[in-house]
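Residues -3 to 146 (the numbering used here) make up the sequence shown, in order.
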Amino acid sequence: VAHDYCYVDAMALELVRRPWEYDVMVTENMFGDILSDLTAGLVGGMGIASCAEIGDHHGLFQPAHGSAPDIMGQDRANPLATILSGALLLEYLAERLGDNRYADAAMVIEAAVEQGFTDGELRPMEFGGTMGTDAMTRAVLNRTGQKGGR
C-alpha cells in the first residue's frame, strides 16, 4: 500500500486539485473533520456525502452531516447521504463476507443515484430543486426497481 505524509493545508490544496488520487486518509479528528467537509463540497455538499469509519473488527456507516434537528419532520432533508452510506455498508459486507451480492446491490444503489442526477430526475432542495425527503427516497427506490413504503 502506497502511503505518504502531508501537512493538512497542503492536503486541502491537493484534494481540490486532484481529488481522484486519494482513496483513504488517516488523520486526527480535527483535521479529518475539516478535510471531510472540504471533500463534501467537491461532490455537491454535505447532503450527499457518505461516511465509512472502518476498524479491525467493526464498521460504522453514516451520513457525513449532522442530524439537522432544525428541519426534522418537514420533509426537507436530503436522504442521499444516508442512502449512499447504506451502499458503503454493502460494499464493506461484500468484502468482509466474501459475498458479491452485497457489492452488486451497492452498485445498483450508486448507479440509481448517479443516473438520477444525470437524467435530471433527482432535484434536492439544497441544489435549488423542489424534492423533499420522501420524493428523493422514492425516486432512488424506483430506479433500483424496489417499492418504498413507510
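Quick reminder that beta carbons are idealized off the backbone N, C-alpha and C, glycines included. None of the values given here were measured: they were computed from a predicted structure.
Asked	Found
Given H53 as reference, the closest of G62, A45, Y88, M132 once Cα atoms are compared	Y88
Stretch pair the stretch 37 to 46 + the stretch 73 to 88: three plus CB contacts closer than 8 Å	yes
Cβ neighbours of A73 in the same chain (closer than 6 Å, five flanking residues each side left out)	A64, I67, T129
Spatially closest choice to R139 from F113, P120, M121, A108, by CA coordinates	A108
Straight-line Cα distance separating A135 from G37	23 Å
Opening and closing residue of the beta strand (DSSP E) in which E49 lies	46 to 50
Residues of its chain near T114, where Cβ-Cβ distance is below 7 Å and the 5 sequence neighbours each way are ignored	none
Alpha-carbon to alpha-carbon, I30 and M42	12 Å
Beta-bridge partners of G124, as assigned by DSSP	Beta-bridge pairing links G124 to no other residue.
Per-residue burial, A120 [other beta carbons within 10 Å of its own, 16 or more giving buried]	In the sequence as displayed, the identity of residue 120 is Pro instead of Ala. Result: buried.
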